[in-house]
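J.:
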Amino acid sequence: MSASSNASSVPSRTASTRPDNIDRSRNIVIFGVEDSRDNAWRDTVLEALHTAAGRDVVINDAVRIGSPTPGRKRPVLVKLQSVWDRRTVLSGSWRLSSTAGFERIFISPDEPLEARRRRTLDRLVKKATAQVKQMSVVSSKKMGIERHFALSDPSC
Numbered sequence: 002m003s004a005s006s007n008a009s010s011v012p013s014r015t016a017s018t019r020p021d022n023i024d025r026s027r028n029i030v031i032f033g034v035e036d037s038r039d040n041a042w043r044d045t046v047l048e049a050l051h052t053a054a055g056r057d058v059v060i061n062d063a064v065r066i067g068s069p070t071p072g073r074k075r076p077v078l079v080k081l082q083s084v085w086d087r088r089t090v091l092s093g094s095w096r097l098s099s100t101a102g103f104e105r106i107f108i109s110p111d112e113p114l115e116a117r118r119r120r121t122l123d124r125l126v127k128k129a130t131a132q133v134k135q136m137s138v139v140s141s142k143k144m145g146i147e148r149h150f151a152l153s154d155p156s157c
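Per my numbering, the very first residue in the sequence shown carries number 2; after that it's consecutive.
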């Protein structure tokens with residue numbers, strides 16, 4: 002075999018080859034949980050889930066997302082036992098804001114990268130429109146989304 006035939010058989014890691022069919026129906030992401038060397042953060046996650054759901058919630062797995070960075074709290078990806086538990090936790094997540102110790106902890110559903118990017122862009126457009134900044138719309142398939150907004154501040 003030649004080197005060129007071996008190279009062509011190895012799949013490249015591009016946006017088109019990533020699996021989009023990952024089951025996220027039981028996943029949530031928790032933000033604001035302190036990092037700790039021992040697994041004390043897992044107890045905080047369990048308590049936050051109990052507070053949000055109003056009952057004990059069974060989790061299959063809980064992992065930190067991303068690499069540790071000083072001064073930043075990494076999000077926690079939690080895989081719950083059932084979709085119903087996810088719905089219960091998400092609908093009761095407002096309780097965390099009024100519970101001592103959980104005021105800075107937020108729970109959101111796990112979504113595909115494209116949906117997260119789309120929501121981020123929509124939020125930036127809304128913010129720029131409110132601040133009366135100039136926007137130009139640029140189409141970009143490379144980013145994995147259908148639109149991209151370039152913002153410029155006319156006061157600069």
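Just so you know, even glycine gets a beta-carbon here, dropped at the ideal spot from N, CA and C.
1) Roughly how many whole angstroms lie between the Cα atoms of Ser94 and Leu114?
2) So, for Arg25: in the same chain, excluding its five sequence neighbours on each side, which residues have a beta-carbon less than 8 angstroms away from its beta-carbon?
3) Our contact map puts Asp36 next to Pro69 with C-beta atoms below 8 angstroms; I'd like the distance itself, whole angstroms only.
4) If Arg75 and Arg65 are in contact, beta carbons under 8 angstroms, what's the gap, nearest whole angstrom?
5) With a threshold of 16 other CB atoms inside 10 Å of the CB of Ser9, please say whether the residue is buried or exposed.
6) Within 10 angstroms of the Cβ of Ile1, are there 16 or more other Cβ atoms? Answer buried if so, exposed if not.
7) Measuring alpha carbon to alpha carbon, tell me which of Thr130, Ile31 and Thr100 ends up nearest Asp62.
8) Beta-carbon separation of Ile29 and Val79 under 8 angstroms?
9) Inspect the beta-carbon positions of Val90 and Leu47 and report whether they are closer than 8 angstroms.
10) Going by the CB atoms, is the gap between Thr52 and Phe107 shorter than 8 angstroms?
11) Just tell me which of Asp44, Arg96 and Gln82 has its CA closest to the CA of Ala54.
12) Using a Cβ-based criterion (distance less than 7 angstroms to any ligand heavy atom), does Asp57 qualify as near the ligand PLP?
13) Three-state secondary structure (DSSP) at His149?
T.: On the basis of the coordinates in this document:
1) The residue you call residue 94 lines up with position 93 of the sequence shown. The residue you call residue 114 lines up with position 113 of the sequence shown. When rounded, the separation of the alpha-carbon atoms in Ser94 and Leu114 is 22 angstroms.
2) Taking the sequence shown and counting its residues from 1, one reaches residue 25 at position 24. Closer than 8 angstroms at the Cβ level, and outside the excluded window around Arg25, lie Pro110, Asp111, Glu112 and Pro113.
3) Stepping through the sequence shown from its first residue, residue 36 is reached at position 35. Stepping through the sequence shown from its first residue, residue 69 is reached at position 68. That belief holds up - the Cβ atoms of Asp36 and Pro69 are roughly 6 angstroms apart, short of 8 angstroms.
4) Position 74 of the sequence shown, counting from 1, holds the residue named residue 75. Position 64 of the sequence shown, counting from 1, holds the residue named residue 65. About 5 angstroms; that satisfies the 8 angstroms criterion.
5) Here residue 9 is taken as the residue at index 8 of the sequence shown, counted from 1. Low local confidence applies: a pLDDT of 45 at Ser9 is under 50, so the model's placement there is unreliable, and no value is given.
6) Lying outside 2 to 157, the shown extent of the chain, residue 1 is not represented and no answer is given.
7) Your numbering for residue 62 matches position 61 in the sequence shown. The shortest C-alpha separation from Asp62 is found at Ile31.
8) To locate residue 29, count along the sequence shown from 1; it is residue 28. To locate residue 79, count along the sequence shown from 1; it is residue 78. Taking the C-beta atoms as reference points, Val79 is found nearer than 8 angstroms to Ile29.
9) As a first step, residue 90 must be located in the sequence shown, where it is residue number 89. As a first step, residue 47 must be located in the sequence shown, where it is residue number 46. No, Cβ-Cβ distance for Val90 and Leu47 is not below 8 angstroms.
10) The residue labelled residue 107 in the question sits at position 106 within the sequence shown. The residue labelled residue 52 in the question sits at position 51 within the sequence shown. Thr52 sits away from Phe107, with the two beta carbons spaced by 8 angstroms or more.
11) On the sequence shown, position 53 is the one that residue 54 refers to. The shortest CA-to-CA distance from Ala54 to any of Asp44, Arg96 and Gln82 is the one to Arg96.
12) This structure simply doesn't include the ligand PLP, nor any ligand for that matter.
13) Taking the first residue of the sequence shown as 1, we reach residue 149 at position 148. With a pLDDT of only 48 at His149, under the threshold of 50, the placement of this residue in the model should not be trusted, and no figure is reported.
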